[in-house]
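All residue numbers in the sequence shown are consecutive under our numbering, ending with 533.
Quick notes on the structure that follows.
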Amino acid sequence: MKNKIQFCKKCLYGSDHPLGITFDEDGICSGCRIHEEKDKLDWDYRWEKLKKLVKPYKSKFHTYDCIVPVTAANDSYFIVDLVKNKLNLNPLLVTYNKYYNTPLGIRNLANLRIKFNCDILIQNVNPISVKKITRSTLRSLGSIYWHCLAGQTVFPVQTAITHKIPLIIWGAHQGLEQVGMFSHKHEVEMTRRYRKDHDLMGLEADNLISVFDILDERDIWQYRYPEDYELNNIGVRGIYLGNYVRWDPKAQHEEMIKKYGFLSANFNRTFDCYDHVDCFNYMGVHDKLKLIKNGYSKVTDHASREIRHGRLTRDQGLYLVQKYENNEANYTDLLCEWLGIKKDGLQFLINEHTNKNYFVEQTPGNFSFKGWSFLNKQNKTQKSSNNNIDNFKYIQNSKLCDQENSDKRKYITIGKGYP
Ligand SMILES: [Zn+2]
Numbered sequence: 115m116k117n118k119i120q121f122c123k124k125c126l127y128g129s130d131h132p133l134g135i136t137f138d139e140d141g142i143c144s145g146c147r148i149h150e151e152k153d154k155l156d157w158d159y160r161w162e163k164l165k166k167l168v169k170p171y172k173s174k175f176h177t178y179d180c181i182v183p184v185t186a187a188n189d190s191y192f193i194v195d196l197v198k199n200k201l202n203l204n205p206l207l208v209t210y211n212k213y214y215n216t217p218l219g220i221r222n223l224a225n226l227r228i229k230f231n232c233d234i235l236i237q238n239v240n241p242i243s244v245k246k247i248t249r250s251t252l253r254s255l256g257s258i259y260w261h262c263l264a265g266q267t268v269f270p271v272q273t274a275i276t277h278k279i280p281l282i283i284w285g286a287h288q289g290l291e292q293v294g295m296f297s298h299k300h301e302v303e304m305t306r307r308y309r310k311d312h313d314l315m316g317l318e319a320d321n322l323i324s325v326f327d328i329l330d331e332r333d334i335w336q337y338r339y340p341e342d343y344e345l346n347n348i349g350v351r352g353i354y355l356g357n358y359v360r361w362d363p364k365a366q367h368e369e370m371i372k373k374y375g376f377l378s379a380n381f382n383r384t385f386d387c388y389d390h391v392d393c394f395n396y397m398g399v400h401d402k403l404k405l406i407k408n409g410y411s412k413v414t415d416h417a418s419r420e421i422r423h424g425r426l427t428r429d430q431g432l433y434l435v436q437k438y439e440n441n442e443a444n445y446t447d448l449l450c451e452w453l454g455i456k457k458d459g460l461q462f463l464i465n466e467h468t469n470k471n472y473f474v475e476q477t478p479g480n481f482s483f484k485g486w487s488f489l490n491k492q493n494k495t496q497k498s499s500n501n502n503i504d505n506f507k508y509i510q511n512s513k514l515c516d517q518e519n520s521d522k523r524k525y526i527t528i529g530k531g532y533p
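Listed below in C-alpha cells is the structure:
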C-alpha cells in the first residue's frame with residue numbers, strides 16, 4: 115500500500131498522477147492553479163494573437179491552410195467550427211481509424227464533414243498489424259490503446275509532410291488541462307518528446323520491435339514519427355487552441371449539440387456523455403485498465419474538471435467517482451472477438467496488470483479496491499455532505515449502438531458516409 119499519497123484540497127487528483135503533478139503550500143495542485151488562469155487571462159487578446167499566428171498560413175491558391183486532427187467525439191466539432199468558421203481557414207481533416215468504432219461515432223464523423231463541408235483523410239492501417247500490436251501492448255503494457263494514441267498523434271504529422279501543409283491545429287493540451295504542466299501563456303506546441311513520454315507510455319514504434327519479437331518493421335512503420343529534418347524542411351508545427359480560447363469541454367459539446375447536431379450517449383463508467391462516444395473501448399476496457407494500473411479512472415478526470423469549472427463541489431465529485439469507477443467494462447465480448455482471445459484470457463491479462471498499491475488480493479484472483487477515492491481523506495466527510503446533484507446535467511440524445519440489433523452491435527471497422 116502506498117502510504118503517502120497527497121490529495122489536492124480542491125480537485126480529486128493525487129500526487130502520483132501519471133502525468134506528474136505538484137502541490138503548493140496551500141495543498142492545491144498545479145492543475146487547479148493553472149486552471150485559475152482561465153478566469154484571469156484576457157481571452158480577447160489571446161484570440162487576436164491566434165489570428166495573427168495563423169495568418170501567414172492562409173493559402174493564396176484556395177488549397178488547404180492547415181491540418182486538423184479529428185475523431186468523432188472529443189471536441190472535434192468545436193475545433194473545426196473555430197478553425198473553419200471563426201479563423202476562416204480551410205482545413206484538411208485527418209483521422210486515424212482505431213477500429214473500435216461505434217455506429218454513433220461513424221455517424222458523428224460523417225455529420226461533421228457534411229456540416230462543415232470539409233475534406234477528410236482517413237488512415238486505415240491493415241487490421242493484421244493493428245491486432246498484432248494490440249495483443250502485444252495488452253500483454254506487456256496493459257494497454258489496448260497504444261495503437262490508437264500512436265496513430266492519432268502521428269498520422270496528422272505524416273500528412274503535414276506528405277501534403278506540405280505545415281500548420282497542425284490541435285484542441286487542448288492534456289498535460290496543461292489535467293496537471294498544469296505548462297501555463298497557457300507558455301503557448302506550448304506539439305513535440306515528439308511529449309508524445310513518447312505521455313501519449314505512448316515511453317514506447318515509440320521502434321521500441322515495440324525490440325520489446326516484442328512477434329512484431330517486425332512491416333507492422334510498425336506506419337506509426338513512426340517523422341525525422342526532425344523532414345519536419346524542419348516543411349516547417350511543421352502543431353499548436354493548441356486551448357492556449358488561445360478558454361477551454362470548457364462540457365459547454366463546448368452542448369453548443370455543438372445545438373448548432374450542428376452532435377450526438378451523445380450514456381456510459382456506465384462515467385457521467386460524461388460527450389467524450390469518446392466514438393469508441394466501444396475507451397470508456398470500457400481501456401478505462402478499467404486505467405483503474406487497475408493507476409488507482410483511478412476517467413470519471414476522476416471528468417469530476418476534477420467539473421470541480422474546477424465550479425459545477426460540482428469536491429464532495430459531489432467524489433460521490434460520482436465512487437458511483438461509477440468500479441462498474442463493469444461493457445463490450446468486452448466485442449474486443450475478445452476482434453482480437454481473437456477468450457474472455458478469461460482477457461481477465462487473466464487484466465489481473466496481471468493489477469497494481470497492488472491500489473488493490474489488495476483477498477483470495478487468489480479476487481481483489482478489493484483501495485484506490486484514490488478510497489484513500490482520499492475527504493471520504494470521511496462523505497455522509498454529512500450534500501450530494502444533491504440534480505442540477506448537474508449532461509444531454510444524452512442518442513446511444514452508442516442499437517443494443518437489440520446484434521448486427522449493429524459490432525465494431526464498424528470502416529464506415530460508409532451518411533446519409
Ligand atoms: Zn487540484
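Using N, Cα and C, we set each Cβ at its ideal position, and we do this for glycine too.
Item, Value
"Rank P170, Y410, K245 and T446 by C-alpha distance to the C-alpha of Y127 and give the top, closest one.", "Y410"
"Going by the beta-carbon positions, is the gap between L377 and N225 smaller than 9 Å?", "yes"
"I'd like to check one pair, Y388 with I503: are the Cβ atoms closer than 9 Å?", "no"
"Count Cβ pairs between the region 388–398 and the region 436–455 that sit closer than 8 Å; are there 3 or more?", "yes"
"Go ahead and pull the three-state DSSP assignment for V350.", "coil"
"For I526 and N211, what's the separation of their Cα atoms in angstroms?", "10 Å"
"May I ask you to report which of helix, strand or coil DSSP gives S250?", "helix"
"Please state the DSSP three-state secondary structure of W361.", "coil"
"Using DSSP with H/G/I as helix, E/B as strand and the rest coil, what is N215?", "strand"
"Residue range of the beta strand (DSSP E) that W335 falls in?", "Where W335 is concerned, there is no enclosing beta strand (DSSP E), given that its DSSP letter is neither H nor E."
"Ignore the nearest five residues each way along the sequence and tell me which others in K165's own chain have a CB closer than 7 Å to its CB.", "L201"
"Can you tell me whether DSSP reads Q461 as helix, strand or coil?", "helix"
"Using only alpha-carbon positions, find the residue among W335, E475, L463 and Q272 that is nearest to L345.", "Q272"
"Mark D156 as exposed unless 16 or more other C-beta atoms lie within 10 angstroms of its C-beta, in which case mark it buried.", "exposed"
"Alpha carbon to alpha carbon, how far is H176 from L203?", "10 Å"
"Tell me, please, whether the region 331–339 touches the region 130–141 by the rule of three or more beta-carbon pairs shorter than 8 Å.", "no"
"Please tell me whether I119 and C180 are closer than 9 Å, where the distance is taken between their beta carbons.", "no"
"For L133, collect the residues of the same chain with a Cβ closer than 7 Å to its Cβ; drop the 5 residues on either side in sequence, then sort them by chain order.", "G289, Q292, V293, M295 and H312"
"Give the DSSP-derived three-state secondary structure of V325 in the structure shown.", "helix"
"DSSP three-state label for T468, please.", "coil"
"Which residues share a DSSP beta bridge with W284?", "Y354"
"Determine whether the beta carbon atoms of N444 and F483 lie at a separation below 9 Å.", "no"
"Could you tell me how far apart the beta carbons of C125 and I421 are, in whole angstroms, since I believe they sit closer than 8 Å?", "5 Å"
"Quick one: Cα of P478 to Cα of I464, how far?", "14 Å"
"Quick check on DSSP: helix, strand or coil for F483?", "strand"
"In whole angstroms, what separates the C-alpha of G529 from that of S257?", "24 Å"
"Can you list the alpha helix (DSSP H) stretches of 4 or more residues lying completely in the region 170–208, in chain order?", "190–194"
"Relative to the C-alpha of I406, which candidate in Q430, K457 and E475 has its C-alpha closest?", "E475"
"For R227, I'd like the list of residues in its chain whose CB is within less than 6 Å of its CB, leaving aside the five on either flank, ordered along the chain.", "I234"
"Output the boundary residues of the beta strand (DSSP E) element that contains I234.", "D233 to Q237"
"Hey, out of D320, R253, W361 and T216, whose CA is closest to K152's CA?", "W361"
"Nearest-angstrom Cα distance between H390 and Q510?", "13 Å"
"What are the start and end residues of the beta strand (DSSP E) that includes V474?", "F473 to T477"
"Quick check: does the Cβ of S297 come within less than 8 Å of any heavy atom belonging to ligand 1?", "no"
"Looking at K535 and ligand 1, is the gap between the Cβ and the nearest heavy atom below 8 Å?", "An answer regarding residue 535 cannot be provided, because it is not within the stretch 115 to 533 covered by the chain."
"Contact defined as beta carbons within less than 8 Å: I believe S297 pairs with I142. What is the distance between those atoms, to the nearest angstrom?", "Incorrect: roughly 15 Å between the Cβ atoms, too far for contact."
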